[in-house]
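> If you're matching them up, the sequences are chains A and B in order. Counting from 79, one number per residue, gives the positions in the first sequence under our numbering. Counting from 75, one number per residue, gives the positions in the second sequence under our numbering.
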Amino acid sequence: AQSVAQPEDQVNVAEGNPLTVKCTYSVSGNPYLFWYVQYPNRGLQFLLKYITGDNLVKGSYGFEAEFNKSQTSFHLKKPSALVSDSALYFCAVRDIRSGNTPLVFGKGTRLSVIA
Amino acid sequence: NAGVTQTPKFQVLKTGQSMTLQCAQDMNHEYMSWYRQDPGMGLRLIHYSVGAGITDQGEVPNGYNVSRSTTEDFPLRLLSAAPSQTSVYFCASSRRQTLAKNIQYFGAGTRLSVL
Numbered sequence: 079a080q081s082v083a084q085p086e087d088q089v090n091v092a093e094g095n096p097l098t099v100k101c102t103y104s105v106s107g108n109p110y111l112f113w114y115v116q117y118p119n120r121g122l123q124f125l126l127k128y129i130t131g132d133n134l135v136k137g138s139y140g141f142e143a144e145f146n147k148s149q150t151s152f153h154l155k156k157p158s159a160l161v162s163d164s165a166l167y168f169c170a171v172r173d174i175r176s177g178n179t180p181l182v183f184g185k186g187t188r189l190s191v192i193a
Numbered sequence: 075n076a077g078v079t080q081t082p083k084f085q086v087l088k089t090g091q092s093m094t095l096q097c098a099q100d101m102n103h104e105y106m107s108w109y110r111q112d113p114g115m116g117l118r119l120i121h122y123s124v125g126a127g128i129t130d131q132g133e134v135p136n137g138y139n140v141s142r143s144t145t146e147d148f149p150l151r152l153l154s155a156a157p158s159q160t161s162v163y164f165c166a167s168s169r170r171q172t173l174a175k176n177i178q179y180f181g182a183g184t185r186l187s188v189l
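Next comes the structure, spelled out in structure tokens:
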């Protein structure tokens, strides 16, 4: 079975400070990992994904995420937070052998960047 | 390019009424799915389809029906609305080929209240 955990419901960061949104996963085999962002009253938008290769993945809006297989983690990071980064962030996973099995999402972490 | 279009954006129903949430995509995506989003629960999969004529149940299918007669459309039917179905509903689509690593594209959502 596939599962994702986002241990923090809410993360507060001052503008200009680095931010981290945590995600851990569980799959039987190797994972494909995704981050999506949801702005107020909008659908989810794709940020970045890890498929294979370099453990550090760079995505949209200056975000990056680091795949750590030994810790089964895929934390989202940004060196300098902006107020406009305030949104709901979802981590998602799929086993690479899963065929048509749907993507499994975490419960989301609300990021609040304070000016 | 419209992407994934959901209608209506808002709906209020009385308990026991039926209705259909519409979802259409113009990207020729084979894979489509319906999620509901509730506070503290994240995204939960209701039903999904890997192509026209093929549907399958997700995590929370009870009280909902789907059909997929065309590649473009994937309507979600509430047969007899209940207050527990008050939620925000999202439709998503992606290419089926190499589904496991494909990005999902989301609609803007339908906010449903059942009184």
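Here a beta-carbon is modelled for each residue, glycine too, at the ideal position from N, C-alpha and C.
Compute the Euclidean distance between the alpha carbons of Phe-145(A) and Ser-167(B), then round it to the nearest angstrom.
Going from the Cα of Phe-145(A) to the Cα of Ser-167(B) covers about 25 angstroms.
> Alpha carbon to alpha carbon, how far is Ser-154(B) from Thr-94(B)? Give it in angstroms, no decimals.
If you take the alpha carbons of Thr-94(B) and Ser-154(B), they lie about 11 angstroms apart.
> Where in the segment 77-122 of chain B do unbroken runs of the alpha helix (DSSP H), each at least 4 residues long, occur, reported from the N-terminal end onward?
For the segment 77-122 of chain B, not a single whole alpha helix (DSSP H) run of length 4 or above is found.
> Pull up the DSSP beta-bridge partners for Arg-188(A), would you.
In DSSP, Arg-188(A) forms a bridge with Gln-88(A), Leu-166(A).
> Quick check on this structure: which residue in Gly-116(B), Lys-88(B), Ser-141(B) has the alpha carbon closest to the alpha carbon of Val-162(B)?
Out of Gly-116(B), Lys-88(B), Ser-141(B), Gly-116(B) has the C-alpha closest to the C-alpha of Val-162(B).
> How long is the line joining the alpha carbons of Cys-169(A) and Gln-131(B), rounded to whole angstroms?
The alpha-carbon atoms of Cys-169(A) and Gln-131(B) are separated by roughly 22 angstroms.
> Pull up the DSSP beta-bridge partners for Thr-102(A), would you.
BP columns for Thr-102(A) point to Ala-83(A), Ser-151(A).
> Taking the beta strand (DSSP E) that Arg-170(B) falls in, what are its first and last residues?
Segment: none, Arg-170(B) is in no beta strand (DSSP E) and carries neither H nor E.
> Roughly how far, in whole angstroms, is the beta-carbon of Arg-169(B) from the beta-carbon of Glu-104(B), given that I think they are within contact range, below 8 angstroms?
7 angstroms between Cβ atoms; contact.
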